[in-house]
Amino acid sequence: MNVYQQIEAEILAASSIVITSHKSADGDSVGCSLGLLYFIEKLGKKAVICHPDASPDFLYWLDTSCIVLMSDKPEKVTEAFQKADLLFCLDYNSTDRVGPDMQNLLESATCQKIMIDHHLHPQDFPSIVVSETSASSTSQLIVELIEQSGHGELLDEKIGTPLYLGILTDTGSFRFSSVQPRTHEILAKLLAAGVQHHLVHEMLNDNNTASRLRLQGYAMAEKLEIMEDYQVSVISLTKEELAKYNYKKGDTDSLANLALSIKGMKAAIVFTERDGIMKISFRSKGKENPVNVLASDHFNGGGHANAAGGMSELSVNETLAKIKDLIPTYFSIQ
103 MNVYQQIEAE ILAASSIVIT SHKSADGDSV GCSLGLLYFI EKLGKKAVIC
153 HPDASPDFLY WLDTSCIVLM SDKPEKVTEA FQKADLLFCL DYNSTDRVGP
203 DMQNLLESAT CQKIMIDHHL HPQDFPSIVV SETSASSTSQ LIVELIEQSG
253 HGELLDEKIG TPLYLGILTD TGSFRFSSVQ PRTHEILAKL LAAGVQHHLV
303 HEMLNDNNTA SRLRLQGYAM AEKLEIMEDY QVSVISLTKE ELAKYNYKKG
353 DTDSLANLAL SIKGMKAAIV FTERDGIMKI SFRSKGKENP VNVLASDHFN
403 GGGHANAAGG MSELSVNETL AKIKDLIPTY FSIQ
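For the sequence shown, counting from 1, position 208 maps to 310 in our numbering; every step adds exactly one.
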């Protein structure tokens, strides 16, 4: 029995299943959660998705009404955890990634826990761990679960669409080095199952608000700084600047990739002042320019070699100065 067959057996034996993912949900965390939910339902079982907080507006075209938020309904989430005899931990590798409130519930739960994730250095809190750091996304691993547990025939448009979205977003529209031949094999299976890939791209990319575009334009025109000697671009945005452009969650998600797209750039760093801290996104190109080390060494973060996150409790100006001071240490001069 392989690990995916073992997971299927756990699903069939469970009476109360909870699916969780990390705080500040992205396309992969939402996509893998929904894809797993629909698969579980196809197996004749029921489950509930509990996330720490809301996903960005640009994902609302998916039916996210089945996702219960700790930030909105803590009593309902607490009840679900207390009843659970099987807990899925998707797209995160440590308990602190779900935020302090849900972390307490997760750590105190005595039921069977299953981690399915593709990030480095997983903690050993789950009973069953699928940790495939070479996988493009956790959504790809949910397809593997469906296939390798012997239920490939259950793949359909409903299950496949959020999983396609998860792979699409976590690979930067299939441009990151995490895309392997197996990724495209899985994408082909999703298309054969009925996923209308062109509609996913349209819903994801063609739903900008005017304020989001204005904020991105301001950031690129007024706040972009390029350290030419090191080929690193940096953007910082204060809470006042975000408010001026009616910032909504997700509005700055594409800025790091946009700054990285500048000809000759090795890396891009974008940070925004939110909730009293600086939230930082790191992006880079190539194996020789990992940014997860910088994020983990100095900004209480981490992630993939070319896509990482972190935070700073310093002021905007102090965080900017710190980043500029560290760039020469982590990126070679030209």
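All residues carry an ideal CB built from backbone N, CA and C; glycine is no exception.
Since the model is a prediction, treat every value here as computed from it, not as a measurement.
- In this structure, the straight-line span from the alpha carbon of Asn195 to that of Glu324 is close to 37 Å.
- By the Cβ-count criterion, Arg277 is exposed, with fewer than 16 other Cβ atoms from all chains shown falling within 10 Å of its own Cβ.
- Under the three-state reduction of DSSP, Asp219 is assigned to strand.
- DSSP places Ala321 in no alpha helix (DSSP H); its state is neither H nor E.
- In the DSSP assignment, Ser386 falls within the unbroken beta strand (DSSP E) covering 379 to 386.
- In terms of Cα proximity to Ser356, the closest of Asp193, Glu249, Lys147, Thr273 is Thr273.
- Taking a C-beta distance under 8 Å as the contact criterion, His221 and Ser239 do not qualify as a contact pair.
- Each residue's CA atom was taken as its position, placing Ala186 and Lys178 some 12 Å apart.
- In this structure, Pro158 keeps its C-beta atom at 8 Å or more from the C-beta atom of Lys125.
- DSSP places Phe373 within a strand segment (E or B) once states are collapsed to three.
- Between Ile230 and Gln108, the gap from beta carbon to beta carbon is short of 8 Å.
- Rounded to the nearest whole angstrom, the CA to CA distance from Ile261 to Gly133 is 9 Å.
- Scanning the stretch 126 to 208 for uninterrupted alpha helix (DSSP H) segments of 4 residues or longer gives 129 to 144, 176 to 185, listed from N- to C-terminal end.
- Ile288 is not bridged by DSSP to any residue.
- Across the structure, Ser167 and Asp427 are spaced so that their CA atoms are roughly 45 Å apart.
- Ranked by Cα distance from His286, the options Pro176, Gln242, Arg314 are led by Gln242.
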